Each structure stands twice: as C-alpha cells, then as structure tokens.
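Let me begin by presenting the structure, written as structure tokens, before commenting on it.
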Amino acid sequence: MNIRSSKALFAVAASLLVVAAAACTDPTVAPKSTVTPANVFTDQNSYQQFLARVYSGLAVTGQQGAAGNADISGIDEGFSQYMRLYWELEELPTDEAAIAWNDIGIPELNAGQFTSTGTMIKAMYYRIFFQVGMANEFLRETTDALLDSRGVGSALKATIHTYRAEARFLRALSYWHGLDLFGNIPLVTENDPLGATPPRQVARDSVYRYVVSELNDIMTQLPAPGGAAYGRATAAAAHMLLAKLYLNAAVYTGTAHYDLARTEAEAVIASGYSLAARYRNNFLADNNTSPEIIFAIPFDGGHTQSWGGMTFLIHATCGWNDGYNPNDIGVNGCWGGIHMRQQAYLNYEAGDTARTSFFYLTNHTIPMTDMWDFKTGIAAPKFSNRTSTGGTGSDLGFPDTDWPMFRLADAYLIYAEAVVRGGGGSRATALGYINLIRARSYGGTAGDITDGEMTERFILDERGRELLWEATRRTDLVRYGLFTGGDYLWDWKGGTFAGAPLDAHFALYPIPADELITNPNMTQNTGYTN
Amino acid sequence: MRRLRFIIGVLLAVLWVAPLSAQQPTGTIRGRVVDDATQQPLARATVTIASRGAVSQADGRYVVTGVPVGPGFLRVRMLGYAPVTQPVTIVAGQAVVADVAMTSQAISLAEVVVTGYGEQTAGTITGAVAQLSMDEFNPGRIVSPEQLIQGKAAGVQVVDNSEPGGGVSIRIRGTTSVNASVDPLYVIDGMPVSTGQGGGLSAGRNPMNFLNPNDIQSITVLKDASAASIYGSNAANGVVLITTRSGAGRHGTQVEYGSSFSAMTITRLPEVLDASQYRTAVGARYPNLLSMLSNANTDWFSYIDRTGYGQEHNLSVTNSSENAFYRLSLGYLTQDGVLRGTTTERLSLGLNYDQRLFDNALGLKFNLRGSRANDRFTPGGAITNAFQMGPTQPVYDSTSVTGYYNWPGNSLTSPDNPLELVDLADDQGTTWRSVGNLQANYLLPFLSSVRLNVNLGYDVALTERLQFSPSTLHGQTKNANFGNFTRNAQSQTTGVFETYLNYAAPLGVMPGTIDLTGGYSYSQSHSEYPNFYENTLSSDLLRIFGIPNAGTVVPSLYVSDAKVISFFGRVNYNYNDRYIAAFSIRRDGSSRFGAGNQWGNFPALSFAWRLSQEPFLRGVGGLSDLKLRASWARTGNQGIPDYLWSPTYTYSNPYAQYQFGDQWVTTIRPGAVDPNIKWEATASTNLGLDFGFSNQRFSGSIDWYTKKTTDMLFDVTVAAGSALTNHLWTNIGSMKNTGLELMLSARLIDGHGRDLAWTADFTASTNSNELLTINPRAVGAQQILETTVAGGVGTFIQVIQPGAPVHSFFVCRQAYGSDGRPLEGQYLSLVGDTVLTGCSNSERRPYHSPQPKWQLGHTSRFTWHGFDLSFTLRAYLGNYVYNNVASNYGVYQELNRGAPYNLSTSVLETGFTAPQYLSDYYVESASFLRVDNIALGYAFNYAGRPWRAYLTVQNAFTITGYSGVDPTAGVNNVDYNLYPRARTFTGGLSVRY
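First to last, the protein sequences are chains A and B. Residue 469 in numbering that gives the first Met the number 0 is what sits at position 470 of the first sequence, and the numbering runs on without skipping anything. Residue 211 in numbering that gives the first Met the number 0 is what sits at position 212 of the second sequence, and the numbering runs on without skipping anything.
Put into structure tokens, the structure is as follows:
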C-alpha cells in the first residue's frame, strides 16, 4: 500500500468515525438488577410479595435482614424498627420501664420530657407514615381497573380483594398509633397523589372517625377468625382494634364509647380464642402455637431478623453484669438495657406466680435509684427465645419469638373496663373474665377478687400486671388521667428519682421538628415550644 | 447531533476563509526549533517572516508557505526564551531550510502544561493550574500516585492514611458536594478513569494504586473551573491529569534500573492503661470483677505491631528514533505495614509507544498499563481488641482450642485476643487492572491546519476480595457465629471513544493566534458486583481457598451500567502573548439522570492580561512575568449512584422475609424516588495574579476563588405522607466555598554547574466553606445529622446545617469544675450558661469544622556537586478532630463488661464513668506541623555509568497538640482506631545504561 492511498483511506476512516460518533446521542440506560413499576406485576407473585411488605414493616427495618437497605432514614436502622419504637414510646415514660443507655433520644423518654427533636419520637412518626405509604401504594396498584388491564384472572382477583382489606387494616392500625401518640396528623390515602403539595393536618377526632369507618368497612372482607394463615389479620384483629379505639374514644374525641368498646370486645371473645394454659406461653419462641393470640408480628431467627422487635425485647431485658445467664432465655448475650421501675414491681401481690416467674432480683435493688444503672430496678426478661418445651429458638442472636400484639386476655380486660365504666354488659361476666386471668397466674382461686373489688382503678392495676411490657401502658395511664399531673408518681417521672408531676401537654408526643420544617401545614401540639 | 453539525460548520467556515493568498511569487521556509542547551524540540514557538507565520509543532518543526521572494528576517518568539531574529533569503518556488536554536530565559514560562484535550505553555495559561513533574514529586516509599503531590500544590489537599497504599483522597479547593462525589476526575494520558467513582474499582486500598508512580512524568491539577470545565462531568471537583513517561529523549536505547529498600516503624500508639493502672481501676470501680484478672503484664499492641519492610524495583527500556519512540517499564513493589497482616504488593507493566507517519501528518500514541495488586489486610477489629484486651491477661493458653488465651465465659461483651485474630483470620484482595488507549492525531490533507484527533481507550478492572474467619475464633464463638467466608469479585469495564478536530489558524489571518477545538466523547461502563457470603462453616481447613458446606449461604449479584455522551468546543485566542482569552463549552448527557434531565451545559470563560508584555512594563524592576487572570465557569457533578431517578421495587433478602402461615414470603418494596433529579452545578469565579522576577528566579501566584454549588443532591426529609418513605434524594441545597491560594518559588541560591544551589517553594491556602441552604422551601431551622460515633449506637457527631461549614461537629457545651476538669453529664445551655444535666439535641450546636483553616507547605531543595538534599514541610492550622477513642474508651463503665475492657488514659483526666459522646471536650484542636520527608541523594559515575544513591525519611516528625494518634484523622476527622502513622526510612540506588 502506497502512502497516498493509505492516506486517503485514513482520511475516509477518520470521517466515518466522526459520523459514527455523532449517531450515538442517547445516554439512557435502564436498570437491570432491580424491577420497575413497569414490569413488576407481570409476575403475579408480586401481589402477595407486596402485601407481605406492608406487613413486614411491623417487623423488619429494611430489605436486608437484620439491617441494610433501610426503609427510613435519620436514625440508626436498628433503632428504627416499628415495634421497638412503639414499645419505647408506650413503656419508657411510664411506671413500668426505663432503659439504662445514654443513647441520644432515650433519656427524654425515660423522664417523660419529650422534645420535638427527639430521635425516637421522630422515627416512630415516620415509621407510621412509612406503613401508611406502603399500604396506599399497594391499594393504588391493585385497583380493579389496573388488575383487569394486566389480565389478572378472577381467582387471583378475589384473593387480591382480601389483600386490599388487609392492607387497609394495617393502615388503620398505624393511623391508630399515629392519632394515639401524636394527635392531629396528616391523613393521606390512596387517593392522594405522591410528591404533590404537603398533606394537610387533620384533627385527631377526624382521624379517629376515618379509622373507625375503615375498620367497619373492611370487616366483612377480612378473613373470618381462624380463616387466615398465621401472621395475617382476620376480622377478630379488626374487632380488637375497634375495641381499643372505642375504649379510648373519650381521649381521642371527648366523647366516650364504652358501649361500643364492649360490643367489639364481645365480638373478639366470641371468635374462638382461648387463654393459653400457661401465661408464659404467650411470650416464648413457639408462641405461634398459643391459642390466645389474635394478631401477632412473626419474627424468626432464620427468616425475619432485625435489631428491633423481639431481638431488642429479649436481649435488652437481661443484664450482662448481674450474673444472669443469657442461655436461660435462649440468647447469646444480654444488653442490660430495659429495667423495671419499683412501682410496677410493687403492683404485684404474693401468689401472683406465673406473672412474676421471670423477675430477676439477684444483684438488683428494687428502687431504680440510678436510671443509668441496670442493676437498680429489677430485671424482668418476660420474653424469651426458649420454647414451651424447653428447647431453644433457631438462632441465638435473632429470636423466633413473635410479638403478641393482640391477645384474648386484653380483650377480657377491655370488656371488664367497658362494663365498669358504664358501657353496659354484665358485671358478673366481667368479674368472671378477670378471675380467669388471675387464676392462671395464681394457679387457682387464691387471687380471685370480688365484685366490690372490681373498680376502675383495679382494672388499670390488673392491666399493668397482666400486660406488663406489652406496649399499652402509656395509653392506659393517659385514659385514666394518671400519665400527666402529680396524682401518680413513679421513679424518675419528670426527671427526678422521687418523681415530679408532668405537665398535661406531655399526654401527647410533639410533632417532630423535621415534620414542622418540611410541612408548613402542620401546627405543633399545644404546650410544646420547640 | 444538530449541535455537532453546528460545531463542524463553524470550523469549516473558518478554514475556507483562511488561505487567501496573494498572487505574487512566493517561496517556502521550513525548519526545526530547538532549545539551545538541551537540543530538545520546542513546540508552540511563533515563527514569522514578513506577514506570514506559523507555529512550531510538537517535534519542533514549522513550515511557512507563501512567503514573498527576497531577503527578509525570520523572527522566532516563544515565551520563556530570548527572541531570535535571523536573516534569510526566500527563493521563488523553493523551500529554504532554517533551523533555530533558542536560549531559555525564564524556562518555567515555557513549560508545556497538559490541559484538557490539549497542551499549553505555562505562560499563556488563563486558568488556575498547578503542574508538578518528576523532580518536584515527593520522594521515598510512594505506593499511591496521589502521594507524589501531597503538600506540593496550594489548594490541593491529599488525605492519606498510614496503611501502605492506603486509601488516598484528593480535595481540590474544599469540598463542593455533600452527597455526590467529592473526588476529582482522574485522566491518565487522555483517558478518563471511572468518572465520579474516585478512580475506579479495587479490592485493595486505593483504586489508583494500579498506576506505578515511577511511570509518571507529571501531574497537572486543574483547580479552577475554567480549566476543568472542558471535562464537564465531575469537573466540579477539579481534574487531575496524569501524564506517564514516554520515550522522548536522545536517540538510541537506554536502560534504567532502580531499586530501594525501606523500613516503617510506628510513631505513636493509642494510650491505654498499663497492667497496674488497669488493676487499680477495676479494684476501685468494680471490685467484684477483680477475681477475673490474671497476673500477666501484656502490652497487646506490641504483639500486633512490627517494623514493616519493603522493597521496590523498577526497570525501564526506552528507545527513541527519528519517527518513533517507546518506553517499556516493569515494576515490582512490596511493602509491609506496621501492623501484622498488612501487606501491599504490586507488579506493574507499562508501555508507551509513539509513532509518527506520513511525514509527521499522522501521530499515533499508544499507552498501555497493566498491574496486579495484592493487598493483605490486618483483620478488622485487631486495633479495637488490642485496645480493649486486659493488660493483666496472658497471650497464650495451651488449653484453649486455638492455643491463644481468651477471657473465660465466652461473653458477648468480652474483647478478643487480637493476636489470635491476626494469626488465624484472613483478609486479602487481588486487583487486576489495565488501562490503555490509542491516540491518533492526523493533519487532514484536504483541510490545512486541521488536525483530527481520535482517542480510543479502555479500563478493565477485575477484583477479588476474600475474607475468612475460622469457627474457633473467640470473636466467632461469642457471637454464636461459627466461622464465615466472604468473596466479593467485582468487575468493571469502561470503554471511551473520543474524537475532536483542532484547527490552528495560520498566522497573519488576524492579529494574534487562534485555535479552535470541537469534539465528541462517548464513554460507557459496565459493572458487576457479585457477592458470596456464608457462615457456620462445616470446616475451617479450606480457609480462603474453597467454599465449604455451610449453615447459611447468601449469594447476590448486582449489575449496573452507565453512559456519558458529550459534545465540546473551545476557542483559544492569544494576542502577542499579551491578551489571552479562552472560551469553552461542554454539553454532557448522563445515564445517571432520567429523561428530560440528562443533559447539562457547562460553559467557561477566561482571560489573561500579561502586563509584563506591555511596553510600559517591559524590563521594569527585573519583572519577567506579570499576568492577571480572571475566569468564570460552570461545572457539573454526576458522581452519584446509577438509577437514582428510576422508580424500582427491591426484593428482600432471605433475612427480611415475612411469615404467612408456614410459608416465608420474600417481600418487595417500592422505592421512593424523585424522577427529576439532575446535575449538581458549581459556578466558580477565579481571580489570579502570576508574577516573576529576574527571569523567573523568583516567581509566584496568588489566586482568589469563590465557588457556589447549587442543586446539591440531598437526601432530605420530606413531609410525612408525601412520598413512599421519609426521605428523598433531590436537588435542593446550595453551598459556597471561598478561598485564597499563594504559591511562591525561588531559586534562592542560583548555583551554576556544581556550585551550591537552593530552591524553595512555599504554598499556602485557605478555604472557607459554608452551607447556604438545605431545603429553601422548608420553614425553620434545618439540619442533617451524620457520622455515627463508635460506641453510641445511633449517635451522630457531625451536622450539615445552613450557615455552618459542612460536617461541623455537633456537640453540647461541656461544663467544667473549679479544678478545670470536665463534669460528667453536665453541660452549659446554649443561652444563659445554665448548667444542664445531659445533652439533648436542642442544646447542641455546630462547633468547629474538620477542615483546616490554613494549609501550608514548604519544600527546599539543595544541590552541591553530586549531592542533593530536600525536605518537605506541611502544616495545617485550625483543623479539629473528634477523639472518638477517648470518648468511647475513656470511661470507667467500659470495665463493667462481660470482661473488663481496657481504657484510654483519657479516663485519668476526665474520671468519667458513663460515655459523654456529645461533649465538646472531645473535639480537639489538631493543628500540626509535619516534616513529610527529608531526602539526601548523591549522583556519581561508576564504571562509566551514571548512578544515584539516596536515603529518605518520610513522616520524620510531627508537632501537634492533639492527644490522639494522628491529627490527620481521615476525611471526616473522627479519630477512631486509626491505622497507626508510620515513619518510613528508604534507601535506594539507580543506574542508567
């Protein structure tokens, strides 16, 4: 090849390059390792998988167990677990428990001195709305029109109708938590578009009415009690949630509905559940077999791991420096966090055996003289990764124990309280339920009470004994008017060991500062200045 | 496409206008311009005769055509050289040959500076550019290329750590982003490597370690946006251009061999209680634990540290002939770290081959580098455990399974024997990487003065990281994890195609010279991230060399692709080296953004006025250079993860399933995205003054800049209910950096020949950073907390808050007693000095920035006969470090564990029982002065060959008031179990054949 011709060839090749280059002007690249809204529902399993995600928001913290690919930000992922936060907000400011850790966000919960920058408070708020967002998106993606356009067959469509009722139940559950803890909150449904203007703040009683109407609306669409796979909500769970809403209606709306609380409790009680033979069976690694549990959040060492939930409630309730053997509750170590205040301990009477069997007093003092010392105040590892037959859960780090969110004993107590508060029904039946519960712990009739002893206050105390550390205490104390004010003091209430009155505004948590910043429609709850 | 047509059209229009030659008899003159002293060709010399002119090419050649016949004067001018005027006589229709040798006056002005898609002479540069070449590089044991320029250029912060080859980051003029990449773009011989990912993929410590520093000719840092913006994407953080050594030089073959040996020793270790202090503390605080203590006296750090030895060998062969040259280099380096288990090893091969064809019309440059790096890591936790392990406990225990002592009880909160960990666990990474490109430039035969440039390049990295912990380790058994094995074998392939036309208008067409560049660039990369993890191993025997059956096996794979397409153009105008202007624009399209937001335009404008060229200043006061520079430019940042714009559903892994009956359902989560995310943009203004006296014997520059980043990507909290989660990546914030830089350099003693000579360089820079807004639409104060502290789960120590420098420490005001000691758990309120119990979020405030207020650097170099001596000093003033070692380990409560943890000696000063993570007591001033290196060399002839022998000490000493191990504690300046800083002694010898 002579120089001239190769030169010409080179010039031609060079020109071609320029032209070829200019042809490539589209930088779009579609993702490969994730699925998109465009193709996700071509796999019909996606409907169930998405519904499972609405449920799993109560159990896991992200798409990677035990931690990773977190659902919400602004907080340590392990701290952000739904039930861990709910538990902390319901228990730490009360007479039942405190955490001996100085982590940011915990001291103000222990003392009931909430501020709008509190880490746990903020995370709970966003967890609630994460759940709402998942449920709303599920409902948007499963309208009949969309299902038809995707060619979903009638059998699957019927199943998806049930899924939709369950998603609405879960949304109602979280809205209940939201209105109970925070009062006036945004109310967004599947009809509100995402990313548009910030949602409006809705008054507490309106949110309440919305939740009640939702629950009534889906009641017949939910599976009948016993008719759903374990882990999923049935009509009994919806009745239980309604019972709790009505029981607290006076707090939420100013108008009491004890009669409705009673009838909802009756519906639960008539659903075929029975008390577990042994009190403790509700809190063990095989509590999925307990006949008493109406709605549970399943955890599993091999499949559902998180640093919150039962991992937290089991590891944190035993101590590393008080001689406790973590093997006794089937775990590989104790975090020495949650200890019990003396008022809760002193609420028990001698003979109340089953409900105090797990108390651990060795190397502990009964008064919680030092909030930061686990060994003041007693240890009470109520939840355990051991089974009812003495076995151990599948993993020593992440327990198999499920969170018993609703159980029959609570329905009995709601019934009794509704009756005592004038909601109709039968005092004799109520007394019978209470003595049924007490007999299980006392191992006989030694603890039975009389009708005369069945007072409003007695039921609060009995709830404390039966439902210790089951994340209902703050709501109960608020309903009884004892959470704030000085009528009832406990260790470190208000930040002093002797206890100090709490201002009335602490009956609600503050709207988180981050929410006030990002949503100009929001107004802070009365009494909070920051 | 339409835009490209436009660029080409403009170019062609200029071309056709140019050759308007007169119809009188003319001739041609040609020749070569060289440096008188070195005989090296000089490019970009301006050659004029009568009204005709030309500019010399890279090989020094010039051709002037159409010159009127008859006698005349050939004038050759070049910045930094004395002008030459030479009488010639032009003959009609013939080519007269006139070679010109020029004498240098102020050589630094004539230096060729590599810029984006071209080169310029230093004296005519309009932007803020720092170029460092081989003789200015830091000496000693240099594993990473970035270390070559540490402390050498004002405004260029090189943040390293003390692992050999440990992750190095460069910050140019502060940080311009919070969530997008803050790394500069690296371009090696015209090949951009891994845009926005800090230099690419690696299973070792630093992706840039694939490049042998010994192969580097020069490193140019494009500091201001006008210089960098021709690179558009990711130019916001500046651009680092690396030019490798080529074979240019005297004709013939030359062989060079160099080798060196080195030893590293620890300069400072964290201070822990010794055995008797530890026993006393346990006895005083937790006497019930005394019975656990043994009677040994163990300095745990002494069991995991060591002197790290290393050696390096470099062999190169260069060959140069009339039209071709090549350089082939082979390098081997191995260096042990000062902790047992740490090693880095690199085997590298480099080839540079240049060929000129068709009478220099076609130039081909072929660059190829390949390397294999093996990194071994000290297993994670070794430093922590050496810190926490009780000094009263023995090292070995013949009765244990592993033979090493561990605390009895297997408690979750008992430290592990660090030596057991170091000896029995494995952690290593292998990185194969090759980067190469073919650059062709072709003087188009049918369009005079137009060069077509084509650059075809690739970057391939294959990595493998292997980690293994045997089931018998205390750290495994106490967690009930019985052995684990991890294999990450990531790979990345990038292809780059670029083509551009360059047109240099012939002289005489208009006053001054003009050159135009217009082009297109396409780059695509494909990455795969397979990961394999298993635990509860059925056997420990295979270690990292096999996959035993295991209780839990978690494989995963993630694939991602990225693409950037660009069009760019530039005009340089130079009037008599007096008025210089440049304009450039780049239009980038990136796959990291969704449709409608993919494209960004990045223009730049700059001017320089060389006052020293003005008649009224010529020769005044010995002035050899005085240049005012001004520039404005806008750059973009697309250094974010792929697919952030795309709404996706994410599957749960096997541990985030949900139980439906007896079935475990894998869940699927819709992600919250802002489909409209777009480029972060930084607009910057630079004002500069270059000056020089006595033919640049004394020279320097001052630069002032301000940069404003807008549309910053923040993961901001959004109103509850408005998105699928509480946070969204969106373009919302803004930030400002303003700074001043000073560089001075002087030949203080201008020795001739072998006399004593002393040159000194001094750099100073200051940068102040302020976050302007996070969410301008939000009401009230906002802040984003970041950087988790060790020990305090969920506790963040730094803040991003409008009005404060980014990453400011966010702490409470410590209250002190009358004895000057901090009072545990007592803080002063922000308003009114009330003593508060505990530190709540509302009583925290931004307190000091990790960034130094001033960075100073100084290098002196002496030569005398065959000797050379140099040293480099570096000082940071006004930087702060959060001492997380003291805040986490300096509390008595740490004794009260499953086995008592040893404590930081900080506890002896504070007496704290419980950790006070958020106290400003732990935010310490970390200003320092460090002698980065001292080097002594001697050049001599032996057996007819030139030899050089040298000795260097790196990190000779540091003066600081900081109480922890190292005041340069990483990028975030949180000091937590840092790899100990080492002092390195290196001796070497090299010879040329």
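For each residue, glycine too, the CB sits at the ideal point set by N, CA and C. In this text, all values refer to a predicted model and were calculated from it rather than measured experimentally.
- Close to L556 of chain B, with beta-carbon spacing below 8 Å, are these residues of chain A in chain order: S32.
- Here N730 of chain B is near K677 of chain B, since their CB atoms are less than 8 Å apart.
- An exposed status is given to K31 of chain A, since fewer than 16 other beta-carbon atoms sit within 10 Å of its beta-carbon.
- The beta carbon of V68 of chain B sits closer than 6 Å to the beta carbons of P24, G26, I89 and A91 from its chain, once the five residues preceding and following it are set aside; these are given in chain order.
- Within the region 366-398 of chain A, contact with chain B at the beta-carbon level (separation under 7 Å) is assigned to W371, L395 and G396.
- Listed in chain order, the beta strand (DSSP E) runs fully inside the region 739-772 of chain B are 756-772, counting runs of at least 3 residues.
- The alpha-carbon separation between Q523 of chain A and Y846 of chain B amounts to approximately 29 Å.
- Residue pairing by DSSP puts W431 of chain B in a beta bridge opposite B:R371 and B:L461.
- Distance from the CA atom of T333 of chain B to the CA atom of N211 of chain B, rounded to whole angstroms, is 12 Å.
- The Cβ of C23 of chain A sits closer than 8 Å to at least one Cβ of chain B.
- Non-local beta-carbon contacts of D351 of chain A in its own chain, meaning distances under 7 Å to residues more than five positions away in sequence, involve S440, Y441, G446 and R464 in chain order.
- What H473 of chain B touches in chain A, judged by beta-carbon distance under 8 Å, is nothing: the nearest beta carbon there is about 13 Å away.
- Of all residues in the region 555-587 of chain B, those with a C-beta nearer than 8 Å to a C-beta of chain A are L556, Y557, V558, S559, D560, A561, K562, V563 and I564, reading in chain order.
- At the C-beta level, R586 of chain B and S565 of chain B come within 8 Å of one another.
- Judged by DSSP secondary structure, F311 of chain A falls within the alpha helix (DSSP H) whose first and last residues are G308 to H314.
- Burial of I187 of chain B is indicated by the presence of at least 16 other C-beta atoms within 10 angstroms of its C-beta.
- DSSP places E165 of chain A within a helical segment (H, G or I) once states are collapsed to three.
- In the DSSP assignment, D514 of chain B forms a beta bridge with B:A503 and B:N571.
- Contact with chain B is absent for N324 of chain A, since none of that chain's Cβ atoms lies less than 8 Å from the residue's Cβ.
- Taking C-beta atoms as the reference points, A814 of chain B and V830 of chain B fail to come closer than 8 Å.
- D102 of chain A places its beta carbon less than 8 Å from that of V792 of chain B.
- Look at W728 of chain B: its C-beta is not under 8 Å from any C-beta on chain A.
- Partner residues in a beta bridge of F544 of chain B, as assigned by DSSP, do not exist.
- Counting C-beta pairs with one atom in each stretch, the region 222-231 of chain B and the region 586-606 of chain B have three or more that are closer than 8 Å, which means they touch.
- Pairing L169 of chain A with L88 of chain A gives a Cβ-Cβ distance that is not under 8 Å.
- Near chain B, meaning a CB-to-CB distance below 7 Å, the residues of the region 44-68 of chain A are S45, Q47, Q48, F49, A51, R52, Y54, S55, A58, V59, G61, Q62, Q63, G64, A65 and N68.
- In chain order, Q200, A202 and R203 place their CB closer than 6 Å to the CB of N183 of chain A, counting only its own chain and leaving out the 5 sequence neighbours on each side.
- Burial check for S356 of chain A: the Cβ neighbour count within 10 Å stays below 16, so the residue is exposed.
- Chain B has a Cβ within less than 8 Å of the Cβ of Y125 of chain A.
- Contact with chain B is found for S72 of chain A, since one of that chain's Cβ atoms lies less than 8 Å from the residue's Cβ.
- Only S410, L411 and T412 from the region 406-417 of chain B bring a Cβ to less than 8 Å from some Cβ of chain A.
- If you look at E311 of chain B, you'll find it isn't in any alpha helix (DSSP H); it sits in the beta strand (DSSP E) that goes G307 to S319.
- Annotation: the continuous beta strand (DSSP E) that includes L876 of chain B extends over F866 to L876.
- Between the alpha carbons of R456 of chain A and R437 of chain A lies a gap of roughly 16 Å.
- A Cβ-Cβ distance of about 4 Å is found for the pair S903 of chain B and Y888 of chain B, placing them in contact under the 8 Å criterion.
- Under DSSP, the beta-bridge partners assigned to Y352 of chain B are B:Y325 and B:F365.
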